[in-house]
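Peer 1: Below is one structure. I have some questions about it.
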Amino acid sequence: MKLFILTSLNGLTLAALYFLVASGFTLVFGLMRNVNLAHGSLYLLGGYIGYEAAQVSGNWFAGVAAGTLAMAVAGVLLQVLVFRWMEGQELRQTLVTIGISIVAADLMLAVWSGNTYQFNPPAWLIGTTQLPIVLAHKSDGTAVLLPYPTYRLFLLAAGVVIGVGLWLFINKTRIGMMIRAGVDDRGMLDASGINVHVVFAIVFAIGAGLAGFAGVVGGTALSIAPGEDVRYLLASLVVVIVGGLGSVTGAALGALIIGLAEQFGLAYFPTYGIVLTFVIMVAALAFRPQGLMGRARA
Amino acid sequence: MTVRFEGIEGTGNREQGTVGSAPLFPVPSSLFPIAAIGHVVAAVLLLAFPFVATDFFTFQIGAYALIMGTIALSLVLLAGYGGMVTLAQMSVAGLAGYMIAIFGTSAGGTALGWPWFLAIPAAVIVGTLFNVITGLLAIRTEGIFTIVITLAIATAFYYFAQQNYDIFNGHSGFSAVAPAHVLWVDWRAPKPFYFLSLAVAALSYAGVLYLVRTPFGLAMQAIRDNSRRMEAIGFNVPAHRVAAYAVAGLIASVAGVLLVWFDGGISPGSISVDRAIKILIIAVVGGMRHPAGPFLGAILFVLLQNFAIDFVNPERFNTYIGLAFLLVVLVSPDGLLGLLSKLGKGSP
Chain A
0 MKLFILTSLN GLTLAALYFL VASGFTLVFG LMRNVNLAHG SLYLLGGYIG YEAAQVSGNW
60 FAGVAAGTLA MAVAGVLLQV LVFRWMEGQE LRQTLVTIGI SIVAADLMLA VWSGNTYQFN
120 PPAWLIGTTQ LPIVLAHKSD GTAVLLPYPT YRLFLLAAGV VIGVGLWLFI NKTRIGMMIR
180 AGVDDRGMLD ASGINVHVVF AIVFAIGAGL AGFAGVVGGT ALSIAPGEDV RYLLASLVVV
240 IVGGLGSVTG AALGALIIGL AEQFGLAYFP TYGIVLTFVI MVAALAFRPQ GLMGRARA
Chain X
0 MTVRFEGIEG TGNREQGTVG SAPLFPVPSS LFPIAAIGHV VAAVLLLAFP FVATDFFTFQ
60 IGAYALIMGT IALSLVLLAG YGGMVTLAQM SVAGLAGYMI AIFGTSAGGT ALGWPWFLAI
120 PAAVIVGTLF NVITGLLAIR TEGIFTIVIT LAIATAFYYF AQQNYDIFNG HSGFSAVAPA
180 HVLWVDWRAP KPFYFLSLAV AALSYAGVLY LVRTPFGLAM QAIRDNSRRM EAIGFNVPAH
240 RVAAYAVAGL IASVAGVLLV WFDGGISPGS ISVDRAIKIL IIAVVGGMRH PAGPFLGAIL
300 FVLLQNFAID FVNPERFNTY IGLAFLLVVL VSPDGLLGLL SKLGKGSP
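Those protein sequences? They're chains A and X, same order as listed. Following numbering that gives the first Met the number 0, the numbering of the first sequence begins with 0 at its first residue and continues without gaps. Following numbering that gives the first Met the number 0, the numbering of the second sequence begins with 0 at its first residue and continues without gaps.
Structure, rendered in structure tokens:
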């Protein structure tokens, strides 16, 4: 029972992290039809920059802010300097992102070497919290509660807050309205007098910023090392294939399914954990090729 | 900039205008005599190469470029002629390589020790089936989604091979994989191995060149240009696509068998995302509009890999490869072949 609860919690916190990474990926795709295969690089670079900033300033939150903002700026630069000039050429954009991810991975290896970096969140996030889940009763009648790492609970909360924030932003604000309109019909949005390039740049900034944010908070929970870029790119890909490419709600649902599946696989049949993830992806493709929340394209 | 990927799906509005004028044959008829002469010259050069070159050049450069070119060729068949850009071709080759190590003789994990005439066909069949399954999944969606799905498959296979010790022997993989001595020839000696690779490459090349001119190949290209129209005419679009995956799987599997012999073993590193993307780089840099492209790209890639050390910091090899790839994608979307044919058209 304890294993089951712990695995569920681990799955939920991993899902929160996957959601943070995949929501940026799916947002960028939804509006710009840009499959950004450099998304994992943004995650890793955000993590490294956050680490450096936290080391210099001695403040973990400064690290989070630095990682997020740096990647948001990087996203705007990518959109304005590169992708804007090849709009509508999906394959070419994707090839460019592949090239960028190769160069970025190699340069990050040059700067930060192959070492694994770990850094600590503020003191109040370290340690464990007693969850109101009773495991057993002592002989004197006091309940033994389940301890769980505080930081992982923070990660879960961050995922939920950002998910809700993103939903409100997209569904309740003017810019969100423009984004939704752009997903449906880019040409019409352009024709109604809205500068789509500004909207594109904003969306890319949010998407890349989310990747950077995930890089710092995820890097704190786990670690930052070369190869993590590919890991989180794969996670984003599978999450959006299952949840539906272009849908933020789909990313949340997909992240939940994949996060839980991965942790349960790890706990109950270790070497075949990845197979479970894969089976879910295959099942999604077989029965709902557009993803759980994706819209079928005409 | 108005350059774009002609003939590859998902690059914008090709419904209008371009379909009618798109060449059905990869080589424009006016260039055909040049192509014929080119084939003869290339054949003579390739056959004479090992007798002039050192063993290092024959094996490390020649044979390796031919093998990588053949794997990239299987991608060109799917991407250039079918409009399906897949990143799983290296996984197909890798799986066939793993199967050779498992069915045949190898050190490290559990090997079944079958004789070569059983192990090779079995490995090729497994690899081909794997690509058919990949194809069945990938064709559920269209265009750019193919890259997403196949990249997910390739990455998942890499992590699976790394974690799984029962079949794939985890991190360390298999070593001491070598071709059997058949007909008293050591097929891993430089010259025999080169000719073996050349035979496979030439057969695959000729096969693809022939295939794209058959009714099936022409239907493939028509599906690439407008799948909905082909469906309306009554073609079974999914069946054509899966068949293309099967052929590409066959080519990649045979090349994968050669690759595992070349490397002398196989481990998850052999099927990493890095290597899968290098196959795409080879195909894109060489050019995806003709089966000669991947071989051109492979020669350039292998030469760079071996000799860039002399000019630049070898540790930053990936940066230069990545930048070169970006340059080609940005400047000449048709790759080196595109550049060459532009030059060819420019001169009288």
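Yeah, the Cβ is synthetic: ideal placement off N, Cα and C, and Gly gets one too.
Need the endpoints of the beta strand (DSSP E) that Y147(A) sits in, please.
Peer 2: Residues 142-148.
Peer 1: Using a beta-carbon distance cut-off of less than 8 angstroms, what residues from the region 162-181 of chain X approach chain A?
Peer 2: Q162, N163, Y164, D165
Peer 1: Considering only the beta carbon of each residue, do G296(X) and I281(X) sit closer than 8 angstroms?
Peer 2: yes
Peer 1: I'd like to confirm the pairing. Which residues does DSSP put opposite Q129(A) in its beta bridges?
Peer 2: P146(A)
Peer 1: Among the candidates L144(A), G211(A), L291(A), I279(A), whose CA atom is the shortest distance from the CA of A52(A)?
Peer 2: G211(A)
Peer 1: Would you identify the three-state DSSP class for S196(X), choosing helix, strand or coil?
Peer 2: DSSP places S196(X) in helix when its eight states are reduced to three.
Peer 1: So, at 6 angstroms on beta carbons, what are the nonlocal neighbours of I60(X) in its own chain, with the 5 sequence-adjacent residues on each side left out?
Peer 2: V301
Peer 1: Relative to the alpha-carbon of T6(A), which residue among I161(A), M31(A), Y267(A) has its alpha-carbon at the smallest distance?
Peer 2: Y267(A)
Peer 1: On the three-state DSSP scale, how would you describe L134(A)?
Peer 2: It is a strand residue.
Peer 1: L26(A) lies in the alpha helix (DSSP H); which residues open and close that run?
Peer 2: 1-31
Peer 1: Nearest-angstrom Cα distance between L202(X) and L326(X)?
Peer 2: 32 angstroms
Peer 1: At a Cβ cut of 9 angstroms, what residues of the region 100-121 of chain A count as close to chain X, listed as they run along the chain?
Peer 2: S100, I101, V102, A103, A104, D105, L106, L108, A109
Peer 1: Do L279(X) and L74(X) have their C-beta atoms within less than 8 angstroms of each other?
Peer 2: Cβ distance < 8 angstroms, so L279(X) and L74(X) count as in contact.
Peer 1: Quick one: Cα of N317(X) to Cα of Y147(A), how far?
Peer 2: 42 angstroms
Peer 1: When burial is assigned at 16 or more other CB atoms within 10 Å of the CB, is L342(X) buried or exposed?
Peer 2: exposed
Peer 1: Could you work out which residue in D139(A), A135(A), A156(A) is closest to L124(A) when comparing CA atoms only?
Peer 2: Residue A156(A) is the option with its Cα nearest to L124(A).
Peer 1: Assuming the contact rule is C-beta atoms closer than 8 angstroms, G98(A) and G255(X) should be a hit. Round their C-beta distance to whole Å, please.
Peer 2: About 25 angstroms separates the CB atoms of G98(A) and G255(X); that is not less than 8 angstroms, and the two are not in contact.
Peer 1: N130(X) lies in the alpha helix (DSSP H); which residues open and close that run?
Peer 2: 115-137
Peer 1: What does DSSP give as the partner residue(s) for F173(X) in the beta ladder?
Peer 2: I265(X)
Peer 1: In angstroms with no decimal places, state the Cα-to-Cα distance between A15(A) and A251(A).
Peer 2: C-alpha separation (whole angstroms): 8 angstroms.
Peer 1: Relative to the C-alpha of N58(A), which candidate in I174(A), Y231(A), P121(A), I279(A) has its C-alpha closest?
Peer 2: Closest in C-alpha terms to N58(A), from the list I174(A), Y231(A), P121(A), I279(A), comes P121(A).
Peer 1: Given that a residue counts as buried once 16 or more other Cβ atoms are within 10 Å of its Cβ, and exposed if not, what is P27(X)?
Peer 2: With a pLDDT of 49 at P27(X), under the threshold of 50, the modelled position of this residue cannot be trusted, and the question is left open.
Peer 1: Which of the three DSSP states, helix, strand or coil, is assigned to V84(X)?
Peer 2: The answer is coil: DSSP assigns V84(X) none of H, G, I, E or B.
Peer 1: Can you find a CB in chain X that lies within less than 8 angstroms of the CB of I240(A)?
Peer 2: yes
Peer 1: Verify whether the separation of the beta carbon atoms of L136(X) and V55(A) is less than 8 angstroms.
Peer 2: no
Peer 1: Quick check: the region 78-86 of chain X against the region 230-248 of chain X, are there 3 or more CB pairs under 8 angstroms?
Peer 2: yes
Peer 1: Quick one: grab the DSSP three-state call for A106(X).
Peer 2: For A106(X), the secondary structure class from DSSP, reduced to helix, strand or coil, is strand.
Peer 1: Can you give me the C-alpha to C-alpha distance between K277(X) and R315(X), rounded to a whole angstrom?
Peer 2: 15 angstroms
Peer 1: Could you name the residues that DSSP lists as bridge partners for V197(A)?
Peer 2: By DSSP's assignment, V197(A) forms no beta bridge with any residue.
Peer 1: Any idea if T353(X) is buried or exposed, counting beta-carbon neighbours within 10 angstroms, 16 or more meaning buried?
Peer 2: Limits of chain X in this structure are 0 at one end and 347 at the other, which puts residue 353(X) out of reach.
Peer 1: Of all the residues that make up the region 317-329 of chain X, which are near chain A by a beta-carbon distance shorter than 8 angstroms?
Peer 2: N317, T318, I320, G321, L322, F324, L325, V328, L329
Peer 1: Quick one: what does DSSP say V34(A) is sitting in, helix, strand or coil?
Peer 2: Per DSSP, reduced to three states, the secondary structure at V34(A) is coil, with no helix or strand assignment.
Peer 1: Tell me which same chain residues have a C-beta within less than 8 angstroms of the C-beta of I240(A), skipping the five on either side of it?
Peer 2: Counting only Cβ-Cβ distances below 8 angstroms, and skipping sequence neighbours, we find G253, M280, A283, L284, G290.
Peer 1: Give the secondary structure of A21(X) by DSSP, where H, G and I count as helix, E and B as strand, and everything else as coil.
Peer 2: Annotation note: pLDDT 46 at A21(X) (below 50); position unreliable, coordinate value reported separately. Looking at A21(X) - three-state DSSP - the assignment turns out to be coil, as it is neither helix nor strand.
Peer 1: Taking 8 angstroms as the threshold (C-beta atoms), are R91(A) and V328(X) in contact?
Peer 2: For the pair V328(X) and R91(A), the CB atoms are nearer than the 8 angstroms cut-off.
Peer 1: Quick check: is the beta carbon of L210(X) nearer than 8 angstroms to any beta carbon in chain A?
Peer 2: no
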